[in-house]
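Protein sequence lines, in the order shown, are assigned to chains A and B. According to my numbering, the first sequence is numbered sequentially starting from 1. According to my numbering, the second sequence is numbered sequentially starting from 1. Quick reminder that beta carbons are idealized off the backbone N, C-alpha and C, glycines included. Step one of this worksheet: look at the structure below.
Number of protein chains: 2
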Amino acid sequence: MYEKPQDLWKACREGVWTRPTAGLAPGYAQANLVILPKEDAFDFLRLAQRNPKPIPLLEVLETGDWEPKLTAPGADLRTDLPAYRVYRNGELTEERQEIRDLWRDDLVSFLIGCSFTFETPLLAAGLPVRHIECGCNVPMYRTNRMCIPSGRFSGPMVVSMRPIPAHLVAKAVTVTARFPAVHGAPVHIGDPAALGIADVGRPDYGDPVPINPGEVPVFWACGVTPQAVALQSKPAFMITHAPGHMFVTSVLDEEIANS
Amino acid sequence: MYEKPQDLWKACREGVWTRPTAGLAPGYAQANLVILPKEDAFDFLRLAQRNPKPIPLLEVLETGDWEPKLTAPGADLRTDLPAYRVYRNGELTEERQEIRDLWRDDLVSFLIGCSFTFETPLLAAGLPVRHIECGCNVPMYRTNRMCIPSGRFSGPMVVSMRPIPAHLVAKAVTVTARFPAVHGAPVHIGDPAALGIADVGRPDYGDPVPINPGEVPVFWACGVTPQAVALQSKPAFMITHAPGHMFVTSVLDEEIANS
Chain A
1 MYEKPQDLWK ACREGVWTRP TAGLAPGYAQ ANLVILPKED AFDFLRLAQR
51 NPKPIPLLEV LETGDWEPKL TAPGADLRTD LPAYRVYRNG ELTEERQEIR
101 DLWRDDLVSF LIGCSFTFET PLLAAGLPVR HIECGCNVPM YRTNRMCIPS
151 GRFSGPMVVS MRPIPAHLVA KAVTVTARFP AVHGAPVHIG DPAALGIADV
201 GRPDYGDPVP INPGEVPVFW ACGVTPQAVA LQSKPAFMIT HAPGHMFVTS
251 VLDEEIANS
Chain B
1 MYEKPQDLWK ACREGVWTRP TAGLAPGYAQ ANLVILPKED AFDFLRLAQR
51 NPKPIPLLEV LETGDWEPKL TAPGADLRTD LPAYRVYRNG ELTEERQEIR
101 DLWRDDLVSF LIGCSFTFET PLLAAGLPVR HIECGCNVPM YRTNRMCIPS
151 GRFSGPMVVS MRPIPAHLVA KAVTVTARFP AVHGAPVHIG DPAALGIADV
201 GRPDYGDPVP INPGEVPVFW ACGVTPQAVA LQSKPAFMIT HAPGHMFVTS
251 VLDEEIANS
């Protein structure tokens, strides 16, 4: 469909593409977007520094800037995503296709790594990715592990789960550990109850997937965490991407991998 | 001398220890200290996010806090270092043993990793550390590589240099790559001129060391960078540790290593 990020940016800008980004511009890192006013941006940046597994930063833009000069030069974060969500006082008030008229000089944009990036190397290493096999969304869960709070922001870590055959769990660790910028190695392997997950068949976000005999549930920190934590503290104003409608950077997956 | 960080903190607090910290509390991570008012702290934190090799953050404290709850619970950053420097409008105005009377509710403290931490594993792996052999300070150089700027902060990366026998250079890379929180792998191996260093025998900071036949100069990003960059932009108020008089955390070196 769209092979290059630049083509996708243009299609979003012109209102031609308004759907999810999974599978588009393969090989390029996709990112979660969080936009906050400067008054909340320092607390949020320190939150990311303290919680790099759930909130791995790909880029933090200059205050008031909408062009990601480091990870997507030429793009415009006000128009180049398929869909946005606007929150006021912690409530979702709008979903829209562009945010040009909402822009303010005091807004700071955060691009946060997305685990889509490590699913390609997982598949390449012969590991199953169940929600891709099932054609559904990855199951995600709120946990009993709290993020280290920062200023006004506090809340639980959200995790995603992929069932992995026991003899391949170590491989799943080493493959994903190479990608700390997109959540990296798992945060928990095995017993869901230890994370406070009562029923692994009933995720808080996304869809349930079957765990086959001989498979272990493996949990990775999830990019839903920063939005969940930010919303819990009800910031006066926040803009994010709409779920699944990510920003696609012009950075190759391999460029953000550890050597 | 002082085996435990807690004993050193107390000795500093009581004015009993006022000298450099090299070799004290062996095995515990030592840190550079930068304290800035909140108005400059966001630009500085974003600078660190963009330049993790020269500015690897161990902890960013809550605004107004002086206890590093994550890396040194029980310590007081106002008293528990042997010596401090106070800068006003980019000029060094005082060196003193404690900063209690200068404390303000809007100050944000940054603890930044120090390459002292990876010299122990270098030695353990059989690699020479020339400035330790010579009993002098490590040679450091301003380079022609600019940090990615952030808001008011911009300036060159400073590097430290250790001569390594050619057949051990790869080992020096792998040993230090395990410690991204204290500058990690080298940023440059070989030709000093490519970094804009005219004469490797005349460092900008620290002391010169001999490079023996068959040795390659290996350059690591250096913790002097954040102070040099911050000073270049002349912040109204900044406090740092005095050179060599580091803050010793209660985190073990191995705790901040990659597995």
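- The beta carbon of Ala83 (chain B) is closer than 8 angstroms to those of Thr18, Glu95, Arg96, Gln97, His241, Ala242, His245 in its chain, skipping five residues each way along the sequence.
- Take the alpha-carbon of Pro139 (chain A) and the one of Phe219 (chain A): they are about 10 angstroms apart.
- Listed in chain order, the non-local C-beta contacts of Ala221 (chain B) below 7 angstroms within the same chain comprise Lys53, Pro54, Met157, Val159, His183, Val187, local neighbours out to five positions each way being set aside.
- Proximity of chain B to Gln232 (chain A) at the Cβ level (cut-off 8 angstroms) is not reached, the minimal Cβ distance being about 18 angstroms.
- Under the Cβ criterion of 7 angstroms, Arg46 (chain A) is counted among the residues facing chain B.
- Inter-residue distance for Ala230 (chain B) and Ser154 (chain B) is about 8 angstroms (C-alpha atoms, whole angstroms).
- Comparing C-alpha distances from Ala25 (chain B) to each of B:Lys10, B:Asp65, B:Glu14 shows the shortest one belongs to B:Lys10.
- Here Cys136 (chain A) is exposed, its C-beta having fewer than 16 other C-beta atoms within 10 Å.
- Against Val229 (chain B), chain A offers no close residue; the least beta-carbon distance is about 16 angstroms (beta-carbon pairs closer than 7 angstroms).
- Neighbours of Gly151 (chain A) in chain B, taken as residues at a C-beta separation under 8 angstroms, are given in chain order as Glu62, Thr63.
- Listed by position along chain B, the residues whose Cβ is nearer than 9 angstroms to that of Gln49 (chain A) are Leu45, Ala48, Gln49, Leu57, Glu59, Val60.
- With its beta carbon at least 7 angstroms from every one in chain B, Phe237 (chain A) lies outside the interface.
- Per the coordinates, the alpha-carbon of Gly223 (chain B) lies some 21 angstroms from the alpha-carbon of Arg88 (chain B).
- Counting other Cβ atoms within 10 Å of its Cβ, Pro163 (chain A) reaches 16 or more and is therefore classed as buried.
- In this structure the stretch 142 to 151 of chain B lies against the stretch 44 to 52 of chain B, because at least three pairs of beta carbons, one per stretch, are closer than 8 angstroms.
- Counting every other CB atom within 10 Å of its CB across the protein chains shown gives Val60 (chain A) a total of 16 or more, marking it as buried.
- Under the DSSP assignment, Gln232 (chain A) falls in the alpha helix (DSSP H) whose first and last residues are 224 to 232.
- The beta carbon of Val129 (chain A) sits closer than 8 angstroms to those of Glu119, Leu122, Leu123, Arg162, all from its chain and outside the five residues before and after it, given in chain order.
- Of all residues in the stretch 135 to 160 of chain A, only Ile148, Ser150, Gly151 place a beta-carbon less than 8 angstroms from a beta-carbon of chain B.
- What Leu70 (chain A) touches in chain B, judged by beta-carbon distance under 9 angstroms, is Arg50, Ile148, going in chain order.
- When DSSP states are grouped into helix, strand and coil, Pro210 (chain B) belongs to the coil group.
- Bounds of the alpha helix (DSSP H) holding His131 (chain B) are 130 to 134.
- Cβ atoms of Asp40 (chain B) and Pro235 (chain B) come within 8 angstroms of each other, at about 5 angstroms.
- With contacts defined as CB atoms closer than 7 angstroms, Phe237 (chain A) and Pro37 (chain A) qualify as a contacting pair.
- Closer than 7 angstroms to the CB of Phe118 (chain A) there is not a single CB belonging to chain B.
- Counting every other CB atom within 10 Å of its CB across the protein chains shown gives Arg142 (chain A) a total of 16 or more, marking it as buried.
- Judged by DSSP in its simplified three-state form, Pro37 (chain A) adopts strand.
- Counting only unbroken stretches of 4 or more residues, the alpha helix (DSSP H) elements lying wholly within the stretch 82 to 146 of chain B are 116 to 124, 130 to 134, in sequence order.
- DSSP lists A:Ile112 as the bridge partner or partners of Asn32 (chain A).
- In the DSSP secondary-structure assignment, Pro217 (chain A) is bridged to A:Pro163.
- Judged by beta-carbon spacing, Gly113 (chain A) lies beyond the 7 angstroms limit of Pro20 (chain A), meaning their Cβ atoms are not closer than that value.
- Exposure of Leu252 (chain A) is indicated by the presence of fewer than 16 other C-beta atoms within 10 angstroms of its C-beta.
- Straight-line measurement puts the Cα of Gln6 (chain B) at about 12 angstroms from the Cα of Glu14 (chain B).
- Take the alpha-carbon of Arg100 (chain A) and the one of Thr174 (chain A): they are about 42 angstroms apart.
- With a threshold of 7 angstroms between beta carbons, Phe42 (chain A) makes contact with chain B.
- When DSSP reads this structure, Tyr205 (chain A) sits in a beta bridge with A:Met140.
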